[in-house]
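To start, the structure itself, in structure tokens.
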Amino acid sequence: MIIESIIHQLPSEVRLLENARLGDYTTFRLGGTCPALVECPSPECLASAAGLLAAEIIPFIVIGQGSNLLVSDEGLDSVVLRYCSETNPSVEFMGCRVRVSGNTLLDDLARLAIGRGLGDISYCSGIPGTIGGAIAGNAGAFGQQIGDVVESVRLMEPTGEVREVEAEKLQFEYRSSMLKQTGAIILDAVLKLKPADLETMQNERERIMELRRSKHPDWKSMPCAGSVFRNVEPTSAAERRQAAGWFLEEAGAKDFRVGGAHLFEKHANIIIADPEATASDVFNLTEKMIAAVREKFGFELVREIKLLGRF
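Read in UniProt numbering, the sequence shown has 54 at position 54, and its numbers run on one by one without any break.
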């Protein structure tokens with residue numbers, strides 16, 4: 001096995017799976033296998049496993065809930081470290097400041113923060129994915145983004161060095177940060193929120209959850225990865241963003257299908273993977289969507305989902 005040399009050094013809390021099917025760890029439910037998948041339940045376990053792999057020059061990648069990934073049907077040659085806690089969120093409240101582990105689910109953070117009478121994070125309600133992935137990609141909705149409330153993050157660099165980095169050094173942009181280029185791993189983060197009326201926030205959370213239920217598919221029954229493409233020329237005001245879905249509809253893409261991959265009937269920027277779909281089907285459908293918008297409007301859509309492996 002590719003990591004035989006370090007198995008005995010891994011923390012006892014980790015779970016190791018050989019030849020893991022990566023489709024079981026993404027919301028698209030697609031993708032081939034990897035040589036080994038290591039479940040890391042805590043920041044310390046992740047840092048230890050990543051450090052050992054880096055020291056042995058064993059290639060690896062880190063994933064969270066896999067809610068923004070399309071993994072190749074051929075799978076990956078690298079080890080996969082999975083950093084996602086679906087049952088035990090690690091959140092420490094310090095007044096209006098919150099230290100949260102990178103493997104905590106966004107919806108869990110929103111629920112717990114609202115329960116403490118804290119605002120600024122209710123828009124995360126119902127969004128799949130982890131805090132780590134959200135910060136790296138500066139995830140957001142309804143005109144807000146996670147980078148707006150990040151105070152600092154504790155990172156592990158590809159070299160194995162662990163350090164605390166202030167938010168202003170992360171270079172947050174629309175659906176991006178410098179972390180996408182550096183490959184640094186987010187172990188945990190400190191967020192700075194504002195006090196808010198508990199009942200108002202609870203009602204806001206329910207309103208957002210209902211809105212998502214009415215307009216977005218449930219990935220557990222309709223495998224998908226949310227918005228496939230970034231919105232066009234975004235600003236901080238949601239109403240001024242030009243939705244990629246609008247351009248796709250105008251370009252006639254709403255009825256596109258490739259194999260088992262097709263567009264969600266209520267949203268032209270969401271691809272559904274039917275049981276017979278392959279990752280190649282989804283990729284080829286995105287290429288077809290890009291071409292349609294290029295031909296109609298003369299510009300290239302930019303993928304919001306991340307491609308892993310060979311396509």
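Glycine included, each C-beta is placed from N, C-alpha and C at the ideal position.
{"query": "Using 8 Å as the Cβ pair cut-off and three pairs as the minimum, do the region 264-277 and the region 292-300 touch?", "result": "no"}
{"query": "Determine the extent of the beta strand (DSSP E) in which V34 is found, giving its start and end residues.", "result": "According to the sequence displayed, residue 34 carries Cys and not Val. T33 to E39 is the span of the beta strand (DSSP E), which, as asked, contains C34."}
{"query": "Name the DSSP beta bridge partners of K288, please?", "result": "Answer is none; K288 lacks a bridge partner."}
{"query": "Assign Q242 to buried or exposed, taking buried as 16 or more other Cβ atoms, counted over all protein chains shown, within 10 Å of its Cβ.", "result": "exposed"}
{"query": "Assuming the contact rule is C-beta atoms closer than 8 Å, Y83 and G102 should be a hit. Round their C-beta distance to whole Å, please.", "result": "6 Å"}
{"query": "For the region 104-118 and the region 193-205, state whether three or more C-beta atom pairs, one from each stretch, are separated by less than 8 Å.", "result": "yes"}
{"query": "Which of helix, strand or coil does DSSP assign to V149?", "result": "coil"}
{"query": "Secondary structure at F229, three-state DSSP: helix, strand or coil?", "result": "strand"}
{"query": "Provide the residue span of the beta strand (DSSP E) that contains K180, from first to last.", "result": "No beta strand (DSSP E) holds K180; the alpha helix (DSSP H) holding it covers L179 to T182."}
{"query": "Taking the straight line between their C-alpha atoms, what separation do you get for T104 and A136?", "result": "14 Å"}
{"query": "Whose C-alpha, out of K254, V150 and S48, is nearest the C-alpha of E164?", "result": "V150"}
{"query": "Looking at the strands, I want to know which residues DSSP matches up with Q202.", "result": "According to DSSP, Q202 bridges with nothing at all."}
{"query": "To the nearest angstrom, report how far apart residue 322 and A167 are at their CA atoms.", "result": "This structure does not reach residue 322, given that the chain is present from 1 up to 311, and the question cannot be answered."}
{"query": "Going by C-alpha to C-alpha distance, which of F299, V258 and C224 sits closest to I127?", "result": "C224"}
{"query": "Whose C-alpha, out of W246, P43 and L37, is nearest the C-alpha of P89?", "result": "P43"}
{"query": "Less than 8 Å separating the beta-carbons of C40 and A20?", "result": "no"}
{"query": "Is it the case that the Cβ atoms of L248 and N269 are separated by a distance below 8 Å?", "result": "yes"}
{"query": "What does the alpha-carbon distance come out to for the pair L22 and K220?", "result": "16 Å"}
{"query": "Less than 8 Å between the C-beta atoms of V258 and D281, yes or no?", "result": "yes"}
{"query": "Compute the beta-carbon to beta-carbon distance between A36 and E18, rounded to the nearest angstrom, for a pair I have assumed lies under 8 Å.", "result": "6 Å"}
{"query": "When you compare each of L285, A184 and A279 to D256 by their alpha carbons, which one comes out closest?", "result": "The residue you asked about is not Asp; residue 256 is Phe in the sequence shown. Checked all of L285, A184 and A279; the closest Cα to F256 is L285."}
{"query": "Name the DSSP bridge partner or partners of Q242?", "result": "V232"}
{"query": "Which complete alpha helix (DSSP H) runs does the region 90-122 hold, if anything under 4 residues is left out?", "result": "106-115"}
{"query": "Could you tell me if A237 is buried or exposed, where buried requires 16 or more neighbouring beta carbons within 10 angstroms of its beta carbon?", "result": "Note on A237: pLDDT 48, under 50, position unreliable in the model; no value is reported."}
{"query": "Can you tell me which of G309, I271, A277 and A251 puts its alpha carbon nearest to the alpha carbon of F299?", "result": "A251"}
{"query": "Using the three-state DSSP reduction, which class does P217 fall into: helix, strand or coil?", "result": "coil"}
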